[in-house]
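Visitor:
Numbering (the numbering used here), first residue to last: 3 to 768.
(1) Opposite residue 708 in the DSSP bridges: which residues?
(2) Taking the alpha carbon of residue 682 as the point to measure from, which residue in 457, 711 and 675 has its own alpha carbon closest?
(3) Considering only residues of the stretch 308 to 344, which uninterrupted alpha helix (DSSP H) runs meet the minimum length of 4 residues and lie entirely inside it, listed in chain order?
(4) Residue 729 and residue 486 look like a contact to me (Cβ under 8 Å); what is the Cβ gap, rounded to whole Å?
(5) Where do the N-terminal and C-terminal ends of the beta strand (DSSP E) with residue 144 fall, by residue?
(6) Can you grab the Cα-Cα spacing for the pair residue 141 / residue 50, in whole Å?
(7) Can you tell which of 275, 402, 293 and 361 has its C-alpha closest to the C-alpha of residue 196?
(8) Which of helix, strand or coil does DSSP assign to residue 375?
(9) Alpha carbon to alpha carbon, how far is residue 669 from residue 690? Give it in angstroms, no decimals.
(10) For residue 644, which beta-bridge partners are listed by DSSP?
(11) Return the residue from the list 470, 523 and 512 that minimises the CA-CA distance to residue 498.
(12) From the beta carbon of residue 746, is the nearest beta carbon of chain C less than 9 Å away?
(13) Rounded to whole angstroms, what is the Cα-Cα separation between residue 302 and residue 322?
(14) Pick helix, strand or coil for residue 569, following the three-state DSSP scheme.
(15) Determine whether the beta carbon atoms of residue 517 and residue 457 lie at a separation below 9 Å.
(16) With a cut-off of 8 Å on the beta carbons, I'd call residue 257 and residue 311 a contact; round off their distance for me.
(17) Is the separation between the beta-carbon of residue 188 and that of residue 126 shorter than 9 Å?
(18) Between residue 160 and the rest of its own chain, which residues show a CB-CB distance below 6 Å, the 5 nearest in sequence each way excluded?
(19) For residue 332, does the count of other Cβ atoms within 10 angstroms reach 16, so buried, or fall short, so exposed?
(20) Mapping DSSP to helix, strand and coil, what is residue 2?
(21) Where in the stretch 702 to 749 do unbroken runs of the beta strand (DSSP E), each at least 3 residues long, occur, reported from the N-terminal end onward?
(22) In whole angstroms, what is the alpha-carbon distance linking residue 254 and residue 27?
(23) What residues match up with residue 238 in a beta bridge as DSSP calls it?
(24) Over the uninterrupted beta strand (DSSP E) stretch that includes residue 90, give me the two end residues.
(25) Note down the Cα distance separating residue 777 from residue 713, rounded to an integer number of angstroms.
(26) Given a threshold of 16 other Cβ atoms within 10 Å of its Cβ, counted over all protein chains shown, does residue 86 qualify as buried or as exposed?
(27) Looking only at its chain, what residues have a beta carbon closer than 6 Å to the beta carbon of residue 219, apart from the 5 residues adjacent to it on each side?
(28) With DSSP as the reference, please indicate the residues paired to residue 255 in a beta bridge.
(29) Beta strand (DSSP E) containing residue 38: first to last residue?
(30) For the alpha helix (DSSP H) that contains residue 428, what are its first and last residues?
(31) At what residue ranges does the stretch 524 to 586 contain a whole run of the alpha helix (DSSP H), taking only runs of 4 or more?
(32) Would you please state the rounded distance, in angstroms, between the beta carbons of residue 533 and residue 48? I believe it to be under 8 Å.
(33) Is it right to say residue 630 is buried, meaning 16 or more other beta carbons lie within 10 angstroms of its own, or is it exposed?
(34) Quick test of the definition: if touching needs 3 or more C-beta pairs under 8 Å, does the stretch 403 to 420 touch the stretch 352 to 365?
(35) For residue 150, which residues from the same chain have a beta carbon less than 8 Å from its beta carbon, with the 5 sequence-adjacent residues on both sides left out?
(36) Does DSSP classify residue 120 as helix, strand or coil?
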């Protein structure tokens with residue numbers, strides 16, 4: 003305990019001198035990092051008065067020969083130039099060419115781990131090496147017949163126009179294409195055909211047709227090749243699509259089915275009408291009906307399903323004769339009719355899919371609609387198959403998890419299914435409507451979406467085992483060396499999952515719960531979502547909108563969380579107690595003597611107690627200093643004290659008599675990222691409180707700060723981040739005084755109990 007001996011010292015001199023350069027850069031504004039605002043994108047983060055974006059409308063006919071998996075298609079593209087620029091050529095994305103034998107994706111793929119490779123690994127590698135998924139494009143011409151000169155470059159194609167396309171003009175051209183659809187058991191990916199054990203297939207068709215590259219105000223043509231990770235940058239438009247498949251298939255797709263009476267049975271149509279008004283899932287195709295179709299001979303006839311999707315940036319579809327199908331209605335603000343939530347899955351997905359999928363779709367619409375904006379389309383669909391995890395498209399998504407063959411499943415599989423459906427349906431908001439550039443910034447859709455997925459999971463059930471969003475779950479990644487900053491190109495990411503999904507989701511969760519506050523954050527997040535619905539935001543638009551709408555300066559947060567690889571690690575380095583000397587010199591001297599008496603005695607003195615000291619043998623050696631105690635007050639000390647007290651004003655006299663405890667906590671920043679100081683104060687009488695200090699306390703010194711904690715009663719301990727809300731990587735140094743860490747030695751013979759599918763173990767035990 004430190005004693006303040008003069009009233010004038012109250013509250014002064016408690017904070018160490020600060021180096022003005024040590025913390026300033028952490029709180030420097032992002033003027034150099036962010037592009038200069040302009041008439042397209044404003045300083046507030048909103049679209050400017052001159053904002054523009056292109057548009058591409060499609061008419062497509064497609065058919066798959068299910069015996070050979072050969073896809074053939076024809077498309078017309080109506081491209082609208084809304085930019086201020088004349089365009090002498092156009093660029094198409096041709097993602098199927100990623101599976102061409104000499105594609106850049108194939109040539110730059112890394113070797114598998116041959117040290118642990120199995121025969122299955124080798125077999126799959128051989129199939130991948132030999133598969134030719136090249137997309138053959140032909141008859142590229144203007145509608146009307148004039149051929150167009152083209153140049154193919156890996157997963158893109160340049161189309162040269164006979165005359166430049168001037169601002170405000172449009173052009174219509176057409177082409178044919180074909181390729182072999184990959185068998186996903188051999189060549190994995192976001193799209194393909196999955197074989198089932200009984201010889202049936204599930205087709206999940208995505209990136210299946212040549213699409214327009216985006217032309218933007220910030221990068222011109224976004225024609226970066228598709229290497230497999232950075233996803234897609236697309237333009238909005240209307241789609242009219244005709245899909246021809248075997249007559250015994252059920253087809254589901256982005257958009258509205260225009261000819262249900264031609265492709266559905268009367269019973270299926272009646273059930274769909276009932277399901278649209280139901281508040282729980284109703285079967286459209288039952289297990290018995292699906293089993294009967296699967297067991298019957300495959301149809302040699304075909305049906306053509308006609309779809310229309312308006313104002314979407316992409317189109318995907320699924321087809322199989324093995325599907326079960328259910329649906330329910332979900333009321334959505336601003337819509338007269340409920341949104342039709344649907345799921346399609348093979349029997350291999352039961353019992354999980356029938357119980358959880360469509361409920362998860364409806365739950366997503368409810369939560370995301372509140373947090374961002376109401377769902378604008380008339381259907382939302384979850385399909386099981388093709389992908390191991392999940393993949394998203396407008397109004398439809400593909401999700402992989404299934405139970406074991408005996409119908410049991412682990413908790414990880416159950417919650418993994420619910421989570422991936424929430425996540426993939428949630429992508430309808432980001433990036434299908436808030437149309438960010440996925441090729442450049444993975445985090446802008448995956449991170450924002452993972453954040454809302456976390457919010458949705460916490461509203462599914464109280465103890466939902468969320469993986470992305472809780473701050474404690476990200477500390478291992480943030481403290482690791484093998485990472486790059488979030489603000490990196492999609493193809494350059496290391497550990498893409500935590501980098502682009504979990505870390506930005508955690509950052510937004512911390513902003514919402516700890517830094518901005520729920521109500522203010524939610525307002526700002528909705529503002530961003532609604533400002534940029536059906537437009538194409540860049541990172542600066544998000545950063546600026548969140549600040550502009552919340553009124554909170556967040557440049558320090560974006561800089562440290564998104565532009566660096568630092569982590570959070572704050573430590574309580576010291577805690578000092580100061581008391582006011584309010585009882586006069588004599589009383590303070592007695593306190594000081596008591597403290598001195600309580601100090602440990604040096605070992606040499608203790609061991610020498612039995613010895614006779616020389617001054618004991620020769621008393622004449624004793625003098626004034628043997629009787630003098632430097633702690634004893636002098637008459638002058640007493641007189642000065644009395645004079646000081648007499649000269650105090652009322653405020654100083656009240657401070658002298660306050661009997662408060664003046665604690666000074668020193669906090670050290672070991673991780674680099676400045677964060678709010680959240681102090682949990684535990685008092686000796688058993689009471690407690692939490693005090694929150696904004697992160698700006700670090701603005702002058704990012705290595706160490708001191709904070710005065712003025713208390714009315716003595717403290718027992720001080721703990722930083724008591725609710726684990728800042729992603730602090732090391733909690734062992736967060737408490738003062740330091741605590742003994744207790745752990746347990748598990749009393750087992752040495753073999754752990756099996757984990758995983760607890761349902762199967764319980765059934766076998768019964």
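All C-beta atoms in this analysis are idealised placements derived from N, C-alpha and C, irrespective of residue type, glycine included.
Guide: Considering the structure as presented:
(1) To locate residue 708, count along the chain shown from 1; it is residue 706. Paired residue(s): 668.
(2) In the chain shown, the residue the question calls residue 682 occupies position 680. Per the Cα distances, 711.
(3) Entirely contained in the stretch 308 to 344, not one alpha helix (DSSP H) run reaches 4 residues.
(4) Taking the first residue of the chain shown as 1, we reach residue 729 at position 727. Taking the first residue of the chain shown as 1, we reach residue 486 at position 484. With a Cβ gap of about 18 Å, residue 729 and residue 486 do not count as contacting.
(5) The residue given as residue 144 occupies position 142 in the chain shown. From DSSP, the beta strand (DSSP E) with residue 144 extends over 138 to 144.
(6) For the purposes of this step, residue 141 is taken as residue 139 along the chain shown, with counting starting at 1. For the purposes of this step, residue 50 is taken as residue 48 along the chain shown, with counting starting at 1. Those two C-alpha atoms are separated by around 40 Å.
(7) Translated into positions along the chain shown, residue 196 becomes position 194. Per the Cα distances, 402.
(8) Residue mapping note: residue 375 aligns to position 373 of the chain shown, counting from 1. Secondary structure of residue 375 (DSSP, three-state): coil.
(9) Here residue 690 is taken as the residue at index 688 of the chain shown, counted from 1. Here residue 669 is taken as the residue at index 667 of the chain shown, counted from 1. One C-alpha to the other measures close to 20 Å.
(10) Along the chain shown, read from residue 1 onward, the residue named residue 644 stands at position 642. None; residue 644 has no bridge partner.
(11) By 1-based counting over the chain shown, the position of residue 498 is 496. Considering only alpha carbons, the answer is 470.
(12) In the structure shown, chain C does not exist; there is a single protein chain.
(13) Position 300 of the chain shown, counting from 1, holds the residue named residue 302. Position 320 of the chain shown, counting from 1, holds the residue named residue 322. When the Cα atoms are used, residue 302 and residue 322 turn out to be separated by approximately 14 Å.
(14) Against the chain shown, residue 569 aligns to sequence position 567. Residue 569 falls in the strand class under three-state DSSP.
(15) The sequence position of residue 517 within the chain shown is 515, counting from 1. The sequence position of residue 457 within the chain shown is 455, counting from 1. Cβ distance not < 9 Å, so residue 517 and residue 457 don't count as in contact.
(16) The residue given as residue 257 occupies position 255 in the chain shown. The residue given as residue 311 occupies position 309 in the chain shown. Beta-carbon to beta-carbon, residue 257 and residue 311 are separated by about 3 Å, close enough to satisfy the 8 Å threshold.
(17) Translated into the one-based positions of the chain shown, residue 188 becomes position 186. Translated into the one-based positions of the chain shown, residue 126 becomes position 124. Contact: yes.
(18) As a working mapping, residue 160 is identified with position 158 in the chain shown. 91, 93 and 153.
(19) Translated into the one-based positions of the chain shown, residue 332 becomes position 330. By the neighbour-count rule (16 or more Cβ atoms within 10 Å), residue 332 is buried.
(20) One cannot answer for residue 2 here, as it falls past the ends of the chain, which runs 3 to 768.
(21) Counting whole runs of 3 or more residues, the stretch 702 to 749 contains the beta strand (DSSP E) stretches 706 to 713 and 717 to 722.
(22) In the chain shown, counting from the first residue as 1, residue 254 sits at position 252. In the chain shown, counting from the first residue as 1, residue 27 sits at position 25. Spanning the alpha carbons of residue 254 and residue 27 requires a straight line of approximately 53 Å.
(23) Taking the chain shown and counting its residues from 1, the one referred to as residue 238 is at position 236. Beta-bridge pairing by DSSP links residue 238 to 57.
(24) Indexing the chain shown from 1 puts residue 90 at position 88. Element bounds for residue 90: 89 to 95.
(25) The chain is shown from 3 up to 768; residue 777 falls before or after that span and cannot be answered.
(26) Numbered from its first residue, the chain shown carries residue 86 at position 84. So residue 86 ends up on the exposed side.
(27) Walking along the chain shown from the start, residue 219 turns up at place 217. Correct list, in chain order: 42.
(28) Here residue 255 refers to the residue found at position 253 of the chain shown. Note: residue 255 is bridge-paired with 319 in the DSSP secondary-structure output.
(29) By 1-based counting over the chain shown, the position of residue 38 is 36. Neither: residue 38 is in no beta strand (DSSP E) and is coded neither H nor E.
(30) Mapped onto the chain shown, residue 428 falls at position 426. Element bounds for residue 428: 413 to 428.
(31) Within the stretch 524 to 586, the runs of alpha helix (DSSP H) at least 4 residues long that lie entirely inside it are, in chain order, 541 to 552 and 557 to 564.
(32) Counted from its first residue, the chain shown places residue 533 at position 531. Counted from its first residue, the chain shown places residue 48 at position 46. That pair is a contact at about 5 Å.
(33) Residue 630 sits at position 628 when you count from the first residue of the chain shown. That one is exposed.
(34) Look at the beta carbons and you see the stretch 403 to 420 touching the stretch 352 to 365: at least three pairs across the two are nearer than 8 Å.
(35) In the chain shown, the residue the question calls residue 150 occupies position 148. Closer than 8 Å at Cβ, skipping near neighbours: 142, 143, 144, 161, 162, 163, 164 and 175.
(36) The count along the chain shown starts at 1 and reaches residue 120 at position 118. The answer is coil: DSSP assigns residue 120 none of H, G, I, E or B.
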